[in-house]
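Peer 1:
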Amino acid sequence: MAKAPVLPRGFELPLKQRLPRIGSIDQVAVEQRAAELAKRSIKKESKVWALELAIRCCDLTTLEGQDTPGKVAALCSKAIRPDPGDPNVPSVAAVCVYPNLVPVAKERLAGSGVKVASVATYFPSGQAPLDVKVRDVEDAVALGADEIDMVIDRGAFLSGRDAKVFDEIVQVKHACGDAHLKVILEVAELGTYDNVRRASLLAMAAGGDFIKTSTGKLPGAATLPVQLVMLEAIRDVYEETGRKVGMKPAGGIRTSKNAIQYLVQVHETLGPDWLTPDLYRIGASSLVNDILMQLRTQKLGAYQSKDYFTND
Amino acid sequence: MTRLPVNKTYKLFIGGAFPRSESGRTYEAQGANVARASRKDVRDAVQAARAAQPKWGSATAYNRGQVLYRIAEMMEARVAEFAALCSGKAEVEKSIDRWVWYAGFADKLAQVLGSSNPVAGPYFNFTVPEPTGVVGVVAPDEPPLLGLVSRVAPALTGGNTVVALASETAPLASIELAEAIATSDVPGGVVNLLTGRRAELAPWLASHMDVNALDVTGADGLRPELEVAAAENVKRVVIGEPDAQSLYEISAFLELKTVWHPIGT
Amino acid sequence: MTDLQKRGDRSPVPTDWTYAPAPESTDIVSLQDRYELFIGGTWVEAKEHFTTLAPRDESPLAEVAQAGPEDVAAAVAAARDAYRSWSRLPGSERAKYLFRIARILAERSREFAVLESLNGGKPIKESRDVDLPLASAHFFYYAGWADKLEYAFPNRKPKPVGVAGQIIPWNFPLLMLAWKIAPALAAGNTVVLKPAETTPLTALLFADVLRQAQLPAGVVNIVTGDGRTGAALVDSEVDKIAFTGSTEVGKAIQRRVAGTGKKLTLELGGKAANILFDDAALDQAVEGIINGIYFNQGHVCCAGSRLFVQESIYEPAVEKLKKRMGTLRVGDPLDKNTDVGAINSQMQLDRINELVAAGKEEGAEIYQPPCRLPEKGYWFAPTVFTNVAQSYRIAQEEIFGPVLSVLTFRTPEEAVEKANNTPYGLSAGVWTEKGSRILWMAQRLRAGVVWANTFNRFDPTSPFGGYKESGFGREGGLHGLEPYLSFDGAETFGG
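Protein chains in written order, with my numbering: chain A, 1 to 312; chain B, 1001 to 1265; chain C, 2001 to 2495.
1) So for C/K2263, helix, strand or coil by DSSP?
2) Per the contact definition of three or more C-beta pairs closer than 8 angstroms, is the region 208 to 228 of chain A in contact with the region 186 to 199 of chain A?
3) My output table needs one value for A/C176: the three-state DSSP class, helix, strand or coil.
4) Which ranges does the alpha helix (DSSP H) cover as unbroken runs of at least 4 residues, wholly within the region 137 to 210 of chain A, from first to last along the chain?
5) Who are the neighbours of A/A29 on chain B, taking C-beta pairs under 7 angstroms?
6) For B/Q1053, which option in B/S1038, B/V1134, B/E1028, B/A1035 has the closest C-alpha, if you only look at C-alpha atoms?
7) Considering only DSSP beta bridges, list what C/L2471 is partnered with.
8) Residues of chain A with CB under 7 angstroms from B/P1122, in chain order?
9) Under the three-state reduction of DSSP, which class applies to A/N311: helix, strand or coil?
10) CA-CA distance, C/N2421 and A/F123?
11) Would you kindly work out how many angstroms separate the C-alpha atoms of B/R1043 and B/V1162, rounded to a whole number?
12) Per DSSP, C/S2236 is paired with what?
13) Does the region 1221 to 1229 of chain B come close enough to the region 1093 to 1102 of chain B that 3 or more CB-CB pairs lie under 8 angstroms?
14) Please tell me whether A/I260 has its Cβ less than 7 angstroms away from any Cβ of chain C.
15) Which residues share a DSSP beta bridge with C/R2034?
16) In its own chain, which residues sit with a C-beta less than 6 angstroms from the C-beta of C/A2137, not counting the 5 before and 5 after it?
17) To which residues of the same chain is C/L2053 closer than 7 angstroms at the C-beta, ignoring the five residues directly before and after it?
18) Using a 10 Å radius around the Cβ and a threshold of 16 neighbouring Cβ atoms, would you call A/L300 buried or exposed?
19) Candidates C/P2123, C/A2077, C/R2128, C/G2331: which alpha carbon is nearest C/F2112's?
20) Going by DSSP, what residue range makes up the beta strand (DSSP E) through A/C58?
21) Short of 7 angstroms in beta carbon distance, which residues of its chain neighbour C/V2496, apart from the five on each side in sequence? Order them along the chain.
22) Along chain C, which residues have their Cβ under 9 angstroms away from the Cβ of B/Y1062?
23) CB-CB under 7 angstroms to C/W2145, same chain, minus the five flanking residues each way: which ones, in chain order?
24) Mapping the DSSP letters down to three states, classify A/C96 as helix, strand or coil.
25) Determine the burial state of B/V1112: buried for a count of at least 16 other Cβ atoms within 10 Å of its Cβ, exposed for fewer.
26) When you check each C-beta in the region 274 to 305 of chain A against every C-beta of chain C, which residues fall closer than 7 angstroms?
27) Assess contact between the region 1158 to 1175 of chain B and the region 274 to 290 of chain A, defined as three or more Cβ pairs (one per stretch) separated by less than 8 angstroms. Is contact present?
28) Taking C/N2291 as part of the alpha helix (DSSP H), name the residues at either end of that continuous run.
29) List the residues that DSSP assigns as beta-bridge partners of C/W2379.
30) Verify the CB distance criterion: does B/T1265 have a CB-CB separation below 7 angstroms to chain A?
31) Roughly how many angstroms separate the alpha carbons of C/K2251 and B/A1231, rounded to a whole number?
32) Among the residues of its own chain, which have a CB less than 7 angstroms from the CB of C/R2100, if the five just before and after it don't count?
33) Can you tell me which of the three DSSP states A/K248 falls into?
34) Measuring alpha carbon to alpha carbon, tell me which of A/V116, A/D86, A/G111 ends up nearest A/N400.
35) Between which residues of its own chain and A/P157 is the CB-CB distance below 7 angstroms, once the five residues before and five after are set aside?
36) Mind listing which residues of the region 1213 to 1240 of chain B have their C-beta closer than 9 angstroms to chain F's C-betas, in chain order?
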């Protein structure tokens, strides 16, 4: 690690015997462990519970150049009441949009409890001067975003300028004010699990409330082993400092089965405390409909058709 | 006037030295008084072999080959002496050539006996031969020199150290061999040669808990008894031939170690 | 954000997430009330029978034959008869039978997996994901050798040995059967196999695979029974004995075959050291340590039952280990989410209890995560002992159960010294990120298998077997053929 910056929140260098600060990750073993956990067989009421939790933890996302107020409005309706035919289905956690569309979402979601999240910091590349990124964040917050999803400077990280990455996160966190900060590592660009762990620890040390896998703009976004590495970093920080940092896998989670595998991992790595939208989010767009189909399958005992679920 | 020759005192070969038997006993064979080793000599020899094994076993294969080849060189200089103590020149020459053959195998056996194993997973997996440790050899009575060399050389080639019981009926060639070895580059304790009564000594060797393998080629009628004793620490029991030369003589005194490691970033 | 959670909620949500039971159905297995002896391709009635149980609830599963010496002799005679034609069959034809067996095992894998868990107590996820795929793969691997033996042993004219008597243990019943039968048949031998007393059922079901594969009668004979049957097989007119089991029985067998000229291979006990350095990838290492000792309830001869932790990382490592133990799911072997199943038998449970009691008495500190064990059946909670000294029985003797002893070391030299300080030498584990240290350790550990940054991996191509009192001879890989072949030149028991 480059020159250690001043670490806030009890993240000082270890003076007593404890976990390796950074440590390394064995790729084969972590993938194996993730594959084993993915084989947990979740049935009946525990499946329904998990599916509803997955919805409650969803950050319903649209991040396209072609996004319009109409598109966002439709998404917000879906967010509040995912299944119009079943009022028992809970709302999602948040709607995630570009800063320009924050006001639309804010208005549509008013009073629903569903949060508005905005990406910022020159999303998705993060390749802009720091003041531009900070300004981006300030704007999004001013427009009403409850949560900010920032990207780290992968260029700086991969060239060993950890202090720069750290410093940016600190400044962004400051710009967030009361808004919650999710730090996107963009794992597909980090190359190794070792880097995922390093970046996770860095993001948490710099004050991120959540660490998030991906922008969703690249193939190879969230994977089970990547989440496992991040969860273990979260657990290590928790055990050392008592601070609970949230986790958000994003991109590529499209099926109920897959979503449950992610939840199982959280359950077995961090325990039930993290199974709440306060500490766990899933960034997805098409996942919700698959969950709704599964929920109805569970409730009615018959396999469902996509024609009966709205596309938003 | 003919000169009265100086007679040699035939002694044991333990830890690179030539002690008399701690028991002070001898027996007469081939017209000479030969040391008659005791169970305590067996104990000392095993101790010497154990102490010498780690270094010999971890010497480079190239080095082991050179050391073994040097034995052949030393013997070549003493062909006449050896010939007088065994069946003759032919046996001596064959014995020398045997050393040469095994010397040349030291740095090849891992390539022939080892493998890399294509396991169904992201692991690199390879198997390497390693010495089993201390080998006890009950050498055959006949041929007295070639029989001993044929059993001892392959064990040494693989990195083992040896405690050998020489031919009981014709032990002088083995003592001559010990002298050749002592003047070669073989580290003390790598080869230990005992003369004496096989029926008395072999059971001590077979039951010794610090001997890893037992070559019973020369054990004849003692074989069942020795094999039973060998079971006490699950010794590898080798039933060889008095005049054999092959890679598989070497592999009989080897263990195989398989190592796994994940392949990942 | 807690308000979000409350308002988003419309249905009552349980506070904790407990997985609903996910039992594998046993319908796929149809058991007979009584099994006889599979000799010469037919079922031969035995005089005596005994009951085989399901260790998960002690319920009886079937009556199984107790083969006497005359039954064993008949089986050996049948194998001898079959040997004449089987050994002369072109290797390519032998190969095809083995390929068939591999395929049929794969096709019927679910049935076998359920039966294996039912009769042996191991978690279904292990029999499904480990035992069955590996058993089938083993036949597939050795099938390919049957017509290529001269490539394996150049200039040596390999010939089959004759009739092989094979005695297998209860921890991996079908997999050990595959390890024994596949290379033996590929090399042109015929066999008489004795499954373990407590786990005979998958071997008996395997006889039906042989029927489907149309393997010639007598090439494989299966005689069930207890230790007396095994002793009769050792004493019988076989040409070779292959045994996997305890060191104690292995020594007895070696004594029994002394002087008979029978070839012998022994795969015996172990007390493997798993060595954790302070630079290891800790979470994966902990995972490997857990797998190393709690896999198959610790009923594994190569189990990593001694954990050596570098003192500089002792506390966090043990802490992580204990936490991870807490997430192990102990219970019904047939539940797909079970990590640790039932202990194989009352006898084994008694043995584990005895050694654990000894550990406590000698002063080691015991930790068991809270877990509710079923009322019926044989169960033992995952256990770790800390403050263990080398001299304690739990650090010396093979427990063959889910019991880990934790010891410490300071330097690599000390780790090697302590790891090798045992009469056993089957396997060892090393966890470190430093490449040169891995090779340094691997070179010095006196063990037949060294797992570096992994543990308990098996593969048909990978030779397996021990140093010292863990036995001799190798199973798996090219080297696993050697014990089933005869050559000119030196012969060892190990081949």
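Glycine included, every Cβ here is placed at the ideal spot set by N, Cα and C.
Peer 2: According to the data block:
1) For the purposes of this step, residue 2263 of chain C is taken as the residue at position 263 of the third sequence. Residue state, collapsed to three classes: strand.
2) Contact annotation: the region 186 to 199 of chain A touches the region 208 to 228 of chain A, with at least three C-beta pairs closer than 8 angstroms.
3) Walking along the first sequence from the start, residue 176 of chain A turns up at place 176. Of the three classes helix, strand and coil, the one that applies to A/C176 here is helix, per DSSP.
4) 154 to 158, 162 to 176, 193 to 205
5) Taking the first sequence and counting its residues from 1, the one referred to as residue 29 of chain A is at position 29. The answer, in chain order, is P1262.
6) As a first step, residue 1053 of chain B must be located in the second sequence, where it is residue number 53. Nearest option by C-alpha distance: B/V1134.
7) The count along the third sequence starts at 1 and reaches residue 2471 of chain C at position 471. The residue you asked about is not Leu; residue 2471 of chain C is Gly in the sequence shown. Its beta-bridge partners are C/E2267.
8) Here residue 1122 of chain B corresponds to residue number 122 of the second sequence, with the count starting at 1. By Cβ distance, chain A contributes V28.
9) Here residue 311 of chain A refers to the residue found at position 311 of the first sequence. In this structure, A/N311 counts as coil in the three-state DSSP scheme.
10) Position 421 of the third sequence, counted from the start, is the residue given in the question as residue 2421 of chain C. Position 123 of the first sequence, counted from the start, is the residue given in the question as residue 123 of chain A. Each residue's alpha carbon lies about 59 angstroms from the other.
11) As a first step, residue 1043 of chain B must be located in the second sequence, where it is residue number 43. As a first step, residue 1162 of chain B must be located in the second sequence, where it is residue number 162. Going from the Cα of B/R1043 to the Cα of B/V1162 covers about 13 angstroms.
12) As a working mapping, residue 2236 of chain C is identified with position 236 in the third sequence. For C/S2236, which the question treats as bridged, DSSP gives no partner whatsoever.
13) Contact fails: fewer than three Cβ-Cβ distances are below 8 angstroms.
14) Here residue 260 of chain A corresponds to residue number 260 of the first sequence, with the count starting at 1. A/I260 does not count as touching chain C.
15) As a working mapping, residue 2034 of chain C is identified with position 34 in the third sequence. Bridge partners of C/R2034: C/E2063.
16) Numbered from its first residue, the third sequence carries residue 2137 of chain C at position 137. Closer than 6 angstroms at the Cβ level, and outside the excluded window around C/A2137, lie P2460.
17) Locating residue 2053 of chain C in the third sequence gives position 53, counting from the first residue. Result list for C/L2053: S2059, P2060, L2061, in chain order.
18) The residue labelled residue 300 of chain A in the question sits at position 300 within the first sequence. By the neighbour-count rule (16 or more Cβ atoms within 10 Å), A/L300 is not buried but exposed.
19) Locating residue 2112 of chain C in the third sequence gives position 112, counting from the first residue. Considering only alpha carbons, the answer is C/R2128.
20) Within the first sequence, the letter at position 58 stands for residue 58 of chain A. Start and end: 58 to 61.
21) This structure cannot speak to residue 2496 of chain C, because chain C is shown only from 2001 to 2495.
22) Here residue 1062 of chain B is taken as the residue at index 62 of the second sequence, counted from 1. Here the premise fails: no neighbours, minimum Cβ distance about 17 angstroms.
23) Locating residue 2145 of chain C in the third sequence gives position 145, where the first residue counts as 1. Setting aside the 5 residues that flank it on each side, C/W2145 is surrounded in the same chain by A2152, A2186, L2481, each with a C-beta closer than 7 angstroms to its C-beta; the list follows chain order.
24) Along the first sequence, read from residue 1 onward, the residue named residue 96 of chain A stands at position 96. Strand at A/C96.
25) To locate residue 1112 of chain B, count along the second sequence from 1; it is residue 112. Answer is exposed; the Cβ neighbour count stays below 16.
26) L275, T276, P277, D278
27) The region 1158 to 1175 of chain B makes no contact with the region 274 to 290 of chain A, as fewer than three CB pairs between them are under 8 angstroms.
28) Start at 1 with the first residue of the third sequence, and residue 2291 of chain C comes out as number 291. It spans 2282 to 2294 - the alpha helix (DSSP H) in which C/N2291 sits, taken as one unbroken run.
29) Taking the third sequence and counting its residues from 1, the one referred to as residue 2379 of chain C is at position 379. C/W2379 pairs with nothing; no bridge assigned.
30) Here residue 1265 of chain B corresponds to residue number 265 of the second sequence, with the count starting at 1. It does: the Cβ of B/T1265 has a partner Cβ on chain A nearer than 7 angstroms.
31) The residue given as residue 2251 of chain C occupies position 251 in the third sequence. The residue given as residue 1231 of chain B occupies position 231 in the second sequence. In this structure, the alpha-carbon of C/K2251 lies about 5 angstroms from that of B/A1231.
32) In the third sequence, residue 2100 of chain C corresponds to position 100, counting from 1. Excluding sequence neighbours, C/R2100 sits near A2213.
33) One-based indexing of the first sequence puts residue 248 of chain A at position 248. Three-state result, A/K248: strand.
34) Outside the shown range of chain A (1 to 312) lies residue 400 of chain A, about which nothing can therefore be said.
35) As a first step, residue 157 of chain A is located in the first sequence; it is residue number 157 there, counting from the start. A quick correction: the sequence has Phe, not Pro, at residue 157 of chain A. Closer than 7 angstroms at Cβ, skipping near neighbours: V165, A199.
36) In summary, chain F is missing from the structure at hand, where the protein chains are A, B and C.
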